[in-house]
Each structure stands twice: as C-alpha cells, then as structure tokens.
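The structure under discussion appears below in the form of structure tokens.
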Amino acid sequence: MDSEVKASHTDPEVAIVILHYEGFEGLCECIDSVLLSRYSNLRVFLVDNGSVDGSVGRAEERYRDRINLLKLQGNLGFVRGYNVALKQIFSDYVVLLNDDTIVEPDWLNALVSVAESDGKIGACQPKLRWLSHPSYFEYNGACGGMLDSCAVPFMMSFGLVALLCSSDVMRL
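FYI, the numbering for the sequence shown is 102 to 273, going by my numbering.
Next comes the structure, spelled out in structure tokens:
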C-alpha cells in the first residue's frame, strides 16, 4: 500500500502504528483484530523494530496489501522506535498500539468521536481490559494510564470493574 495516498472518506484518517519486535502469533491476533475494526478510514502500519525471528516477513506475506511495513535500522527501543516511525506517517490521527493488544470492532469509532467532539482534546485512551477477565480493567499503560491536571501520571485502579464506567473512553 502507498503510505502517502489518503482514502477519500469523510471520516478523519487514522493511522494505527504497531511497533513490533519478534513473535508471530500474538502479532497476528493484534493485526487481525485491527483489520476487523468498523472504522471506515484507517491505515495500519507495522513497524519492524529489528526483529530477526522471521515474524515480520511472515506478517508481510500474510497481510500483503492490507498493512504498510516500515523497517527500522535495528532495535531502536520502544520510544525511539515510535519516534522514528512517526516521522514517516502523516494522518489526521495516530494510534500507538502495542503488538499484544486485541481491539474490539468499534474501539476506534469511540476514540475518534471523543477526539472530534472538542478541539481542546489532544489525546485519548480507550479502556483497557484484561483479556482473561474482560469485565475488569487491565493496568492502564506504562505511566499508569491517567494524568492529573498537572500532567502527573497515576494509575486509576488495577482490576477496577470496567462496567462501572459506561463509556468506552473514560473522562475524569
């Protein structure tokens, strides 16, 4: 796929960026779930962070024209890997997605809807649920998943019952 060509849709374009370092099965579960998304205007980027196990070649063969592949010069680590990749990706919105994440079909619709609802919103995060116990929140990201009004990260609550929060995107 040509990463510079935008589809002609009325929905904002969203680039899903998946940084990957080795492992095939979990990667496929992630990509398969993203490709089942009901959002109409997305592009999927698989960013090879120096994998040497053959997983990227297998993914490239399996997904052919459904994903864009970016190969980095070796393993640049998590932050630098994403930073290098993001310099090559232009889209209305960008989602950084871990390669061990499985998304639900309407996940992206909810995020874009919230982002589009207020021009002051600069970032959104969906609820993350345990794969083995979907009614409970998973640990919400490396910084704790939440930021207070001074941008200090904190963890909302490990294992909090997800059903207590009615929206797919949490607002605190």
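All C-beta atoms in this analysis are idealised placements derived from N, C-alpha and C, irrespective of residue type, glycine included. All values reported here derive from a predicted model rather than from experimental measurement.
Residue interval of the beta strand (DSSP E) (run including residue i)
i, result
"R144", "L143 to D149"
"Y140", "Y140 -> no beta strand (DSSP E), and no H or E assigned at all."
Assigned secondary structure, residue i (DSSP; H/G/I helix, E/B strand, else coil)
i, result
"N169", "strand"
"Y164", "helix"
"V185", "helix"
"L177", "coil"
"A116", "strand"
"L232", "coil"
"V157", "helix"
"H121", "strand"
"V204", "coil"
Continuous alpha helix (DSSP H) stretch holding residue i: start and end
i, result
"I132", "E126 to L136"
"V213", "W208 to S218"
With 16 other Cβ atoms within 10 Å as the buried cut-off, status of residue i
i, result
"I191", "According to the sequence provided, residue 191 is Phe. The question's Ile does not apply to it. F191 is exposed by the Cβ-count criterion."
"I222", "exposed"
"R165", "exposed"
"D207", "exposed"
"S152", "buried"
"L143", "buried"
"A160", "buried"
"A186", "buried"
"A116", "buried"
"L137", "exposed"
"S214", "exposed"
"D200", "buried"
Whole-number beta carbon distance between residue j and residue i, since they are thought to touch under 8 Å
i, j, result
"G182", "L128", "The pair is not a contact, with the Cβ atoms about 15 Å apart (cut-off 8 Å)."
"E114", "D193", "5 Å"
"L198", "V118", "7 Å"
"S141", "D112", "5 Å"
I'd like to know if the segment 134–149 and the segment 166–180 are in contact, where contact means that at least 3 CB-CB pairs between them fall below 8 Å.
yes
Contact between the segment 174–193 and the segment 219–236 (3+ Cβ pairs under 8 Å)
no
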